[in-house]
Amino acid sequence: MTAPTPLIAGNWKMNGLAASLDEARATAAGIGQSRARVAICPPATLIRPMRGALAGSAVLVGAQDCHPQASGAFTGDLSAEMLAEAGARLVILGHSERRAGYGETDALVAAKVHAALRGGLEPIVCVGETLDQRKAGDALGVVTGQVRGSLPPELAGRAWSVAYEPVWAIGTGLTPTTAQIEEMHRAIRATLREMFGGDGDMPPILYGGSVKPANAAEILHAAEVGGALVGGASLKAADFLGIINAL
Ligand code: PEP
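In structure tokens:
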């Protein structure tokens with residue numbers, strides 16, 4: 026079985042003005058012989074200019090969310106088709122900040138995955154437990170439940186990835202132990218195989234939550250870890266490169 030090609034994606038969240046494109050340019054310029062595909066997901070306002078800034082480089086540009094519908098009366102929202110036209114190739118869906126802050130359910134995330142595929146975007150689907158859920162011994166059940174609920178069958182044969190992001194590790198500086206990451210990634214892989222058969226081996230399973238240059242090598246080389254979704258440390262090229270080049 027060939028391992029999936031790793032993906033290292035930066036999630037800029039609601040950070041970045043035009044001046045920040047210099048960090049994206051510096052990231053593209055500093056990537057060595059990485060085995061990974063690399064992406065940056067800036068705020069939607071920077072998708073088109075970032076595509077321009079990164080023209081000729083292998084760094085992909087992604088979005089951070091999309092609406093399930095292609096168009097309509099949804100003030101403030103953006104469809105997958107719009108994001109793809111602006112230059113996005115991937116889209117982060119079901120991030121815990123959206124699940125918690127906007128009440129996104131597994132069913133809504135699945136509808137957004139459907140929309141992403143319709144619009145030609147490669148979904149990165151986020152799952153992860155809260156600290157209370159982990160302390161209660163529910164982490165595996167919660168996460169595999171999110172996997173089952175958020176991934177529609179039409180993903181079979183398409184390009185996509187799952188990002189395991191424990192909520193308590195995002196932006197906190199806390200990270201699970203390598204054993205905890207491997208246990209969860211193995212459980213996610215087993216669930217994907219149950220859901221998709223042989224196609225369940227195709228998507229990389231990214232780890233996300235306080236990845237930084239100092240811990241990147243250990244995390245990226247853990248069993249079943251197929252890359253990383255990186256928040257804060259993707260905003261500065263030096264830090265993001267320290268992660269990318271740790272693989
Ligand atoms: C994220 O929000 O997807 C994330 C992983 O954030 P951080 O790396 O800052 O913990």
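Numbering follows the numbering used here, in which position 92 of the sequence shown is assigned residue number 117; successive positions increment by one, without gaps. Backbone N, C-alpha and C fix where the C-beta goes; we use that ideal spot for every residue, glycine too.
Have a look at E147 and A113 and give me their C-alpha separation to the nearest angstrom. As a first step, residue 147 is located in the sequence shown; it is residue number 122 there, counting from the start. As a first step, residue 113 is located in the sequence shown; it is residue number 88 there, counting from the start. If you take the alpha carbons of E147 and A113, they lie about 9 angstroms apart.
Determine contact between the region 60-71 and the region 210-228, defined as no fewer than three beta-carbon pairs at a distance below 8 angstroms. Because the criterion of three Cβ pairs below 8 angstroms is not met, the region 60-71 and the region 210-228 do not touch.
Does DSSP put E154 in a helix, a strand or coil? Within the sequence shown, residue 154 is the residue found at index 129, counting from 1. Three-state result, E154: coil.
With respect to 6 angstroms, is the separation between the Cβ of G35 and the closest non-hydrogen atom of the ligand PEP below this value? Taking the first residue of the sequence shown as position 1, residue 35 is located at position 10. G35: no, Cβ never under 6 angstroms from the ligand PEP.
Under the rule that 16 or more other beta-carbon atoms within 10 Å means buried, what is R124, buried or exposed? Your numbering for residue 124 matches position 99 in the sequence shown. Under this definition R124 is a buried residue.
Contacts around Q89, its chain only, beta-carbon distance under 6 angstroms, and the 5 residues preceding and following it disregarded: Residue mapping note: residue 89 aligns to position 64 of the sequence shown, counting from 1. Apart from sequence neighbours up to five positions away, the residues of its chain that approach Q89 with a beta-carbon distance below 6 angstroms are C66, I117, ordered along the chain.
CB-CB length for G174 against D131, believed under 8 angstroms: On the sequence shown, position 149 is the one that residue 174 refers to. On the sequence shown, position 106 is the one that residue 131 refers to. Correct: roughly 3 angstroms between the Cβ atoms.
Alpha carbon to alpha carbon, how far is C151 from L180? Give it in angstroms, no decimals. Position 155 of the sequence shown holds residue 180. Position 126 of the sequence shown holds residue 151. When rounded, the distance between both Cα atoms is 15 angstroms.
If contacts are defined as beta-carbon pairs under 8 angstroms, then W193 and T155 qualify, I think. What distance do you get, rounded to the angstrom? In the sequence shown, residue 193 corresponds to position 168, counting from 1. In the sequence shown, residue 155 corresponds to position 130, counting from 1. W193 to T155, Cβ: 6 angstroms. Contact.
Short of 6 angstroms in beta carbon distance, which residues of its chain neighbour L71, apart from the five on each side in sequence? Order them along the chain. For the purposes of this step, residue 71 is taken as the residue at position 46 of the sequence shown. Counting only Cβ-Cβ distances below 6 angstroms, and skipping sequence neighbours, we find G41.
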